[in-house]
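Throughout the sequence shown, residue numbering follows mature numbering (1 follows the signal peptide of the UniProt record, and there is no 0), covering -19 to -1, 1 to 247 in sequence.
Ideal Cβ positions, reconstructed from N, Cα and C, are used throughout, including at glycine.
So the structure is just underneath, and the comments pick up after that.
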Amino acid sequence: MRVSLFASACVMLAGALLSGCLKDPHLPPPGNPFCKITKVKGDLHFQKDVDSYRITYDKKGNPESIVRGIVGTSSPNYLFLYDQKGRLTDFYGVYLNPTAFDIWHRYSYDAKNRIILDSTYEFGEVGPGNVPIPSPGRPYLGVRNIATYSYDHLDRIVRSTDTYGHDTVFMTRLYTYNGAGNLTSVEERSDGGSTTISYTYDNKVNYHRLHPIWQFLDRDYSMNNPLPVAAYNTYGLPTSIILSGYRTGYFATTPFTFAEFEYSCK
């Protein structure tokens, strides 16, 4: 599919998101307790071998890189790019040769600085100025997905569309939340049919709430963690999640059925 590059855009500065996204006083903004995810280990992307992510942050506390223990096809390291105002513009995966990328997300946003368009490219080169360009011999960038997002008054995703390589929308998802601030169901509509996925929760801190970028990447704005969770730390954050036979978990767009989390807390 040939699609021209959309203009680069961005999400809000993390500090602004932490203080301003949620308007309801009963739904405190993400960031409490002040902890950072530093390592995730498990069957990341459903690999046979246990893999790991080591996450680094910049001086502003924004994610800077995710480095894998095992780098291979469809299992890249990840980098985050920000503009001069500290806003995320790009999220992309590279191999050990950092000039070739596996996947590249570029974001466009609305007047409220919420991402409304995610243009996702695949298998290209990292061009001058850290922009995606076609690989040698290819006339244009391959497009993996075009996603759009709509939000509620609390700046949570309530509707998304994805093309998944098709010329038009292939999947539409509708997100429903309860009064406790948790996602109760996702209705997936595709090819004239629909499926609804429902969730139940613990009463602990959802690890996605430690940074608004984690929330957006996994479309998870819930206050608590979907069950089951095997263990927590003293801050009420999950340290072990075992989901085999239940559902799929996610971190930074990567699926897993079991994972261990490590944190750095102040």
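Assuming the contact rule is C-beta atoms closer than 8 Å, G108 and I114 should be a hit. Round their C-beta distance to whole Å, please. 4 Å
Under 8 Å: do the segment 17 to 33 and the segment 53 to 60 share three or more Cβ pairs, one atom per stretch? Look at the beta carbons and you see the segment 17 to 33 touching the segment 53 to 60: at least three pairs across the two are nearer than 8 Å.
Buried versus exposed, by CB contacts within 10 Å (16 or more), N163: With a 10 Å radius around the Cβ and a threshold of 16 neighbouring Cβ atoms, N163 comes out buried.
At least three beta-carbon pairs within less than 8 Å, the segment 84 to 91 to the segment 207 to 218: no
Which one of N159, C16, I194 has the shortest CA to CA distance from Y63? I194
May I ask you to verify whether the segment 196 to 203 touches the segment 226 to 245, counting CB pairs closer than 8 Å and requiring at least 3? Result yes; three or more Cβ-Cβ pairs closer than 8 Å.
Burial state of L208 (16 or more Cβ within 10 Å): exposed
Rounded to the nearest angstrom, how far is the Cβ of T177 from that of S166, given a contact under 8 Å? 5 Å
Under the DSSP definition of a beta bridge, which residues are partnered with I84? G74, E103
Check whether the Cβ atoms of K17 and L191 lie closer than 8 Å to each other. Going by C-beta atoms, K17 is nearer than 8 Å to L191.
Rounded C-alpha distance that separates E241 from F197: 21 Å
What separation, rounded to the nearest whole angstrom, lies between the Cα atoms of N111 and E169? 35 Å
Please go through the segment 151 to 210 and give each complete beta strand (DSSP E) segment of 3 or more residues, from N-terminal end onward. The qualifying runs are 152 to 158, 164 to 171, 174 to 179.
Nearest CA to the CA of S131: which residue from T144, L98, P117, Y145? L98
Neighbourhood of K247 by C-beta distance below 6 Å, restricted to the same chain and skipping five residues each side: F15
Nearest to R125 (by Cα), restricted to the options S100, T238, K66: Looking at S100, T238, K66, the one whose alpha-carbon comes closest to that of R125 is S100.
So the beta strand (DSSP E) L62 belongs to, where does it begin and stop? 58 to 63
Sequence-distant residues of the same chain with beta carbon closer than 8 Å to L224, five excluded per side: P209, G230, F237, T238, F239
So which of P120, N94, G173 has the shortest CA-CA distance to E106? P120
Applying the criterion that 16 or more other CB atoms from any shown protein chain within 10 Å of the CB defines a buried residue, is D39 buried or exposed? exposed
Which residue marks the beginning of the beta strand (DSSP E) containing A240, and which one marks its end? 239 to 246
Compute the Euclidean distance between the alpha carbons of N205 and R140, then round it to the nearest angstrom. 20 Å
Pick from I127, D91, R68: whose alpha carbon is nearest that of G42? Here the closest residue by C-alpha is R68.
Exposure of P219, with buried meaning 16 or more beta-carbon neighbours within 10 Å: buried
Strictly by DSSP, which residues pair up with S225? Answer by DSSP bridge pairing: none, since S225 is not bridged.
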